[in-house]
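Enquirer: A single structure is presented below for examination.
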Amino acid sequence: MTQPIVSPQWLKQQLDANNDIIVLDASIEFQIPLEPEKDRNGVIPGAQRFDYDNVFCDPDSSLPHMMPTEARFNELASKLGLTKNSTIVVYDNSGTYASPRAWWMLKAMGLREVYVLSGGLPAWKTAGYDCDEDYSIRAPTSPSLSLDQHYFLSAEQVLTYSEKQNAHIVDARSLARFKGEVKEPREGVRSGHIPNSVCLPFAELINNGILKPLEDLAPLYSAISASKREYMVFSCGSGVTACILALGAYVCGYHNLSVYDGSWTEWGQRIDLPVEK
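Be aware that the sequence shown starts at 3, since it is given in the working numbering, and climbs by one per residue.
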């Protein structure tokens, strides 16, 4: 498959056929208000927990859910039974919110067959499919995955792109937050945006918890970049919804993409970095 999204019906067929699909629940607990509703009841049969808020993250960073080191990721991936050739479907309990970051993290580690479940757990339930009460356990593996540093950028790298204006820096936060018209939900974080960035709120890509179709997504990205070869860097509040923009761009055929891992939580805290309003 070339598209990164699969339907609940496709996943159900694969599971019924006993095909070796690794299903990962990437749901997160929201740390700021006014985020999507969650469905907390049940897990997709055979699913394992992919907790990038507390486990698949950098424990030495003061920033939330930062990408872990290559060594740590491999250690944790082993416990999920991952290999380089695994076919993986990620989902979350909000529809399409947290799962795109898991998709992006796994792609960053060189896994090619990674897909997002369209509509997540709510869509699975709406289709009438059963759920398990708890997560599954797989036999450990030795995945030997390699991190591609291009997927996640540092603040210093983003600053260089901002100053040279040789990349499209796209912010997934709301327009009010982007313009600095409202206070940031996290304490100690300034309002505003990265200089020379543009705003594409992630909510514009989602309809009832499902990523919009290509014909609706394409105009959003073509308004930012005239060519699919141009480089786009995505940012947001803490590196989660930026990956929704990365997913949407990928669906539209843009593959020269990166995510600013620290996003506005880092940028807004660091007084050495410039802010525009």
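Where a beta carbon is used, it is the ideal one built from N, C-alpha and C, also for glycine.
Remember, it's a predicted structure, so these values are computed and weren't measured experimentally.
Determine, using beta carbons only, whether residue 233 and residue 169 come nearer to each other than 7 angstroms.
Expert: yes
Enquirer: Just the Cα atoms here: how many angstroms apart are residue 136 and residue 242?
Expert: 25 angstroms
Enquirer: Smallest Cα separation from residue 251: which of 270, 172, 262?
Expert: 172
Enquirer: Over the uninterrupted beta strand (DSSP E) stretch that includes residue 237, give me the two end residues.
Expert: 234-237
Enquirer: Which residues share a DSSP beta bridge with residue 195?
Expert: According to DSSP, residue 195 bridges with 278.
Enquirer: What's the gap between the Cα of residue 126 and the Cα of residue 160?
Expert: 38 angstroms
Enquirer: Mind checking residue 29: buried by the 16 CB within 10 Å criterion, or exposed?
Expert: buried
Enquirer: Check whether the segment 138-158 and the segment 198-214 are in contact - that is, three or more C-beta pairs closer than 8 angstroms.
Expert: Judged by Cβ distances under 8 angstroms, the segment 138-158 makes no contact with the segment 198-214, as fewer than three pairs qualify.
Enquirer: Residues in its own chain within less than 7 angstroms of residue 80 by CB, not counting five upstream and five downstream?
Expert: 142, 143, 144, 145
Enquirer: Spatial neighbours of residue 120 within its chain, please: CB distance less than 8 angstroms, with the 5 preceding and 5 following residues excluded, ordered by chain position.
Expert: Excluding residues up to 5 positions away in sequence, 7, 8, 9, 10, 98, 212, 213 lie with their Cβ nearer than 8 angstroms to the Cβ of residue 120 in the same chain.
Enquirer: Give me the DSSP bridge partner(s) of residue 154.
Expert: Residue pairing by DSSP puts residue 154 in a beta bridge opposite 261.
Enquirer: So what does DSSP say about residue 160, is it helix, strand or coil?
Expert: Under the three-state reduction of DSSP output, residue 160 falls in the helix class.
Enquirer: Where does residue 37 sit, in a helix, a strand or coil, going by DSSP?
Expert: Caution is warranted here: a pLDDT of 49 is assigned to residue 37, below 50, making its placement in the model unreliable, and no coordinate value can be reported.
Enquirer: Mind checking whether residue 93 and residue 65 have CB atoms under 7 angstroms apart?
Expert: no
Enquirer: So if DSSP puts residue 89 in a beta bridge, which residue, or which two residues, is it bridged to?
Expert: 23, 115
Enquirer: Can you give me the Cβ contacts of residue 259 inside the same chain, cut-off strictly under 6 angstroms, excluding the 5 residues immediately before and after it?
Expert: Excluding its 5 nearest sequence neighbours in each direction, residue 259 has C-beta neighbours in its own chain below 6 angstroms: 234, 248, 251, listed in chain order.
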